[in-house]
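What follows is a short report on a single structure.
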């Protein structure tokens, strides 16, 4: 009995010795900095958002001539925007129509038929004016005078300003990209002509309209279509082909940053 008691005592002593805590090797937590949640900031792009992209105007926004069937520049732009930090999905609404003039776009806006997509739009893109010019060309094909274009330009400028106002009645703040015009007759000749001056004047009118709205931006594209040397025209020699729409998309993407849309969309378009 005594031997058994001694044996149990020795075993317990060894166990206690093995489990003894060494105070000299204990970790020092005194230098550890406290964690403050107030210093933790979540990036605005941490939770990606769905956005709506709305296109208005004529055949350029509709995507006429795009043999790859990618939706012209608007479809390409939507695909590119899906890769931006802060953007999850892009809901694309294309309300453009081939042949539409500025007076017809204004009528469409006033009708209220497209109020809902415009109201919900995060970005709005407009191409308009090319068919206004072509109507003058068709009316006076053999007696074209620069005065006819200058006269119509006054009315076009007023309509474009009214188009902007109608959009702002529906959507006061979202960015609006106003895509400029180009001269399709450079396919026929590379020489400087009066039509270049006409296009320059009409583009200037669009540019000046963009200056009246802090969230509007002019996107020039005339230099992309100065000739068909880069094979940017569709077989109708009027609309862009797929390559032409690729270049338009690249130009618009450049404008997203240069026009400050990254700031206007609170980081949603973080490249």
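Residue numbers (the UniProt record's numbering): 1 to 271.
Don't be surprised by glycine CBs; every beta carbon is placed ideally from N, CA and C.
Computed from a predicted model, the values in this text were never measured in an experiment.
With a threshold of 16 other beta carbon atoms within 10 Å, residue 193 falls short and is exposed. Using a Cβ distance threshold of 7 Å, residue 206 and residue 218 count as a contacting pair. Ranking 75, 110, 143 and 183 by CA distance to the CA of residue 168 puts 110 first. For the pair residue 89 and residue 51, the Cα-to-Cα distance works out to about 6 Å. The three-state reading of DSSP puts residue 93 in strand, counting E and B together.
A direct Cα-Cα distance of roughly 40 Å separates residue 80 from residue 151. With 16 or more other CB atoms across the displayed protein chains lying within 10 angstroms of its CB, residue 62 is buried. In the three-state reduction of the DSSP assignment, residue 218 falls in the strand class. Rounded to whole angstroms, the gap between the alpha carbons of residue 125 and residue 93 is 11 Å.
In this structure, the CA atom of residue 216 is about 6 Å from the CA atom of residue 177. Proximity to residue 204 across 98, 179, 137 and 232 peaks at 179, based on C-alpha coordinates. For residue 246 and residue 74, the gap between their C-alpha atoms comes out near 10 Å.
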